[in-house]
Amino acid sequence: METKPARVRILDAAHELMLTVGLARATTKEIARAAGCSEAALYKYFDSKEELFVRVLTERLPRLTPLLDSLAAGTGRGTLEENLTEIARQAALFYEQSFPIAASLYAETQLKRRHDDALRTLGSGPHLPLQGLDAYLRAEQAAGRVRADADTYAAASLLLGACAQRAFAYDATDSGERPPVDAFATRLVRTLLGGISVADRP
Numbered sequence: 001m002e003t004k005p006a007r008v009r010i011l012d013a014a015h016e017l018m019l020t021v022g023l024a025r026a027t028t029k030e031i032a033r034a035a036g037c038s039e040a041a042l043y044k045y046f047d048s049k050e051e052l053f054v055r056v057l058t059e060r061l062p063r064l065t066p067l068l069d070s071l072a073a074g075t076g077r078g079t080l081e082e083n084l085t086e087i088a089r090q091a092a093l094f095y096e097q098s099f100p101i102a103a104s105l106y107a108e109t110q111l112k113r114r115h116d117d118a119l120r121t122l123g124s125g126p127h128l129p130l131q132g133l134d135a136y137l138r139a140e141q142a143a144g145r146v147r148a149d150a151d152t153y154a155a156a157s158l159l160l161g162a163c164a165q166r167a168f169a170y171d172a173t174d175s176g177e178r179p180p181v182d183a184f185a186t187r188l189v190r191t192l193l194g195g196i197s198v199a200d201r202p
């Protein structure tokens with residue numbers, strides 16, 4: 001059986017440990033051990049745990065940022081509703097899978113501050129999907145499919161905020177289950193479009 005390349009093993013191990021013990025407790029030493037390599041070998045591929053975290057998000061989780069980038073650049077196809085529904089679907093899945101990884105950071109203020117500083121240095125962070133969706137909505141606004149007076153940043157915040165909340169807000173309900181992602185995305189976007197879509201303008 002063919003052995004996976006070291007970089008792939010490290011990403012796999014980091015993803016698993018970040019999910020099971022949380023980002024704060026997943027040390028590079030533990031990640032290297034789980035990947036079957038030395039900590040020095042890990043640092044041949046990744047400069048820091050923060051970079052490793054960013055790579056897990058971009059290479060192991062649903063591809064939200066590339067979707068937003070392609071739509072904002074005008075390469076997307078479909079109606080405004082179809083595009084926003086796919087964005088909402090990918091965002092809901094992304095937050096569902098990334099929330100358990102990052103949640104442990106919020107328990108340690110100093111660690112979170114160091115982590116945020118590192119993300120800024122890497123040019124990454126949780127604000128990027130918001131900026132990407134805002135850019136897409138502004139492109140649709142310029143194309144005449146979003147109302148000229150619509151607040152695209154607020155609309156992006158509402159959509160992504162609801163998708164992020166889905167990751168944790170339903171755990172304490174009677175069923176303890178999240179709304180199914182496809183139905184959730186469809187309902188969310190149809191409601192949002194009532195406020196920003198040219199077609200729905202009175």
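For the record, in the sequence shown the residue sitting at position 63 is 63 according to UniProt numbering, with numbers rising by one throughout. Where a beta carbon is used, it is the ideal one built from N, C-alpha and C, also for glycine. Note that this is a predicted model, so its numbers are computed, not measured.
Neighbour-count burial assignment, residue i, 16 or more Cβ in a 10 Å radius
i	result
residue 106	exposed
residue 32	buried
residue 66	exposed
residue 142	exposed
residue 166	buried
residue 172	exposed
residue 47	exposed
residue 85	buried
Of the residues the options, the one placed nearest residue i, counting alpha carbons only
i	options	result
residue 147	80, 186 and 12	80
residue 182	197, 87 and 30	87
residue 18	98, 177, 166 and 142	98
residue 194	74, 119, 158 and 59	158
residue 83	121, 140, 112 and 170	140
residue 129	74, 3, 58 and 68	68
residue 44	25, 77, 60 and 5	5
residue 101	40, 184 and 23	23
residue 77	136, 36, 192 and 3	136
Straight-line Cα distance separating residue j from residue i
i	j	result
residue 200	residue 27	Residue placement at residue 200 is poorly supported in this model, since its pLDDT is 47, which falls under 50; the coordinates still yield a value, given next. Each residue's Cα considered, the two are about 51 Å apart.
residue 126	residue 160	11 Å
residue 92	residue 109	26 Å
residue 72	residue 53	25 Å
residue 153	residue 38	44 Å
residue 202	residue 190	Model confidence at residue 202 stands at a pLDDT of 43, short of 50, so the residue's coordinates are unreliable; what they give is reported in the following sentence. One C-alpha to the other measures close to 16 Å.
residue 70	residue 64	10 Å
residue 123	residue 163	23 Å
residue 186	residue 29	43 Å
residue 9	residue 56	12 Å
residue 49	residue 144	43 Å
residue 198	residue 94	29 Å
residue 20	residue 196	40 Å
residue 7	residue 112	25 Å
residue 14	residue 156	30 Å
residue 170	residue 117	31 Å
residue 16	residue 149	45 Å
residue 178	residue 103	18 Å
residue 133	residue 175	32 Å
Per DSSP, the bridge partner or partners of residue i
i	result
residue 197	146
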